[in-house]
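J.:
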Amino acid sequence: MRMHRKPHLDERLSACGKILKIADLSDKNMKRSAEVKEYLDFENIFGNSNPVHLEIGCGKGKFIVETAKLNPDINFVAVEKISNVIIDACERTLREGIENVCLLNCAAEVLPKYLKENSVEKLYLNFSNPLPKEGYKKQRLTHTRFLNIYSSFLKKGSLIVQKTDDKDFYLFSLENYKEAGFEIKEVCEDLKNHPVAGDVETEHEKLFKERGKPIFRIVAEVK
């Protein structure tokens, strides 16, 4: 079902300019767009040189805001390509006075345009769309195509932390991490009954747990 455009969306996005650093949805040729570099200066944005962690597909922002509260000495960058969704994350960040979060309204494919090499130390992929049809597998955020994109800005030894409720996507992701040369550090096939300290529950995760669905978690290291 198509999502209705939120009222006064453009004005609300403009009002979040303090933390919404990129709104790049105009160029449909994302590969071409990514080649023209406009690197973000995180020391200038955050006013410090703290490590940078990234979430792709931040949704309404529950995970990134709560994780940022728990880790004030880390800077967080949240990415969401749907403007109608990222506005909730932006307004929540401002409403709660979070100083160590900025947001990017763009697709994952164009991130190398904005993120320098070795600029990110951890990547979170929380309940990405599993896109189960075979013809869409190259669009899955753990396909080797995307893993190679992430490698362009992740430091060696960085971790990708992924959570999903979809077993087939979980198995697909494991295969692709290995194919891309990443090392699998941790796996969990029942996160509800084997919780990880400091791991913040997302909106989707809470819903899936209430429905009795298993939550899968992978930690992969960039080599």
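Residues in the sequence shown are numbered from 8 upward in steps of one, following the working numbering.
Ideal Cβ positions, reconstructed from N, Cα and C, are used throughout, including at glycine.
As the structure is a computational prediction, the values presented were derived from the model and not from experiment.
For residue 10, count the other beta carbons within 10 Å of its own beta carbon; 16 or more makes it buried, fewer makes it exposed. Which is it?
T.: By the 10 Å Cβ count, residue 10 comes out exposed.
J.: Hey, quick one: how far does the beta strand (DSSP E) through residue 165 stretch, first residue to last?
T.: From DSSP, the beta strand (DSSP E) with residue 165 extends over 161-171.
J.: Would a C-beta distance cut-off of 8 Å place residue 107 and residue 81 closer than the cut-off?
T.: Result yes, Cβ atoms of residue 107 and residue 81 sit closer than 8 Å.
J.: Alpha carbon to alpha carbon, how far is residue 136 from residue 142? Give it in angstroms, no decimals.
T.: Approximately 14 Å between the Cα atoms of the pair.
J.: For residue 17, does the three-state DSSP call read helix, strand or coil?
T.: Residue state, collapsed to three classes: helix.
J.: Using three-state DSSP, classify residue 131 as helix, strand or coil.
T.: It is a strand residue.
J.: Bridge partners for residue 224 per DSSP, in chain order?
T.: According to DSSP, residue 224 bridges with 170, 195.
J.: Return the first residue and the last residue of the beta strand (DSSP E) that residue 60 is part of.
T.: Start and end: 59-63.
J.: Nearest-angstrom Cα distance between residue 125 and residue 99?
T.: If you take the alpha carbons of residue 125 and residue 99, they lie about 29 Å apart.
J.: Report back the beta-carbon spacing between residue 30 and residue 62 to the nearest angstrom; my notes put them in contact at under 8 Å.
T.: Actually they do not touch by this definition, with Cβ atoms about 17 Å apart.
J.: Going by beta carbon distance, what residues of the same chain come within less than 6 Å of residue 159, once the five residues before and after it are set aside?
T.: The answer, listed in chain order, is 119.
J.: Of the residues 226, 200, 228, which one's Cα is nearest the Cα of residue 219?
T.: The candidate whose alpha carbon is nearest that of residue 219 is 200.
J.: Would you mind working out which of 190, 151, 94 sits nearest residue 166, comparing C-alpha positions?
T.: Considering only alpha carbons, the answer is 190.
J.: Under the rule that 16 or more other beta-carbon atoms within 10 Å means buried, what is residue 204, buried or exposed?
T.: Answer is exposed; the Cβ neighbour count stays below 16.
J.: Can you check whether the CB of residue 83 is closer than 8 Å to the CB of residue 170?
T.: The answer is no: Cβ separation not under 8 Å.
J.: Quick one: measure Cβ to Cβ for residue 91 and residue 12, integer angstroms, because I've assumed they're closer than 8 Å.
T.: Rounded, the Cβ-Cβ distance is 6 Å, consistent with contact.
J.: Check the C-beta distance from residue 65 over to residue 41 and give it rounded, since I have them as a contact under 8 Å.
T.: In fact, because the Cβ distance is near 20 Å, the residues do not count as touching under 8 Å.
J.: Can you give me the C-alpha to C-alpha distance between residue 181 and residue 105, rounded to a whole angstrom?
T.: Rounded to the nearest angstrom, the two C-alpha atoms are 34 Å apart.
J.: Quick check on the DSSP output: the alpha helix (DSSP H) that includes residue 214 runs from which residue to which?
T.: 210-217 is the span of the alpha helix (DSSP H), which, as asked, contains residue 214.
J.: DSSP on residue 51, reduced to helix/strand/coil?
T.: Looking at residue 51 - three-state DSSP - the assignment turns out to be helix.
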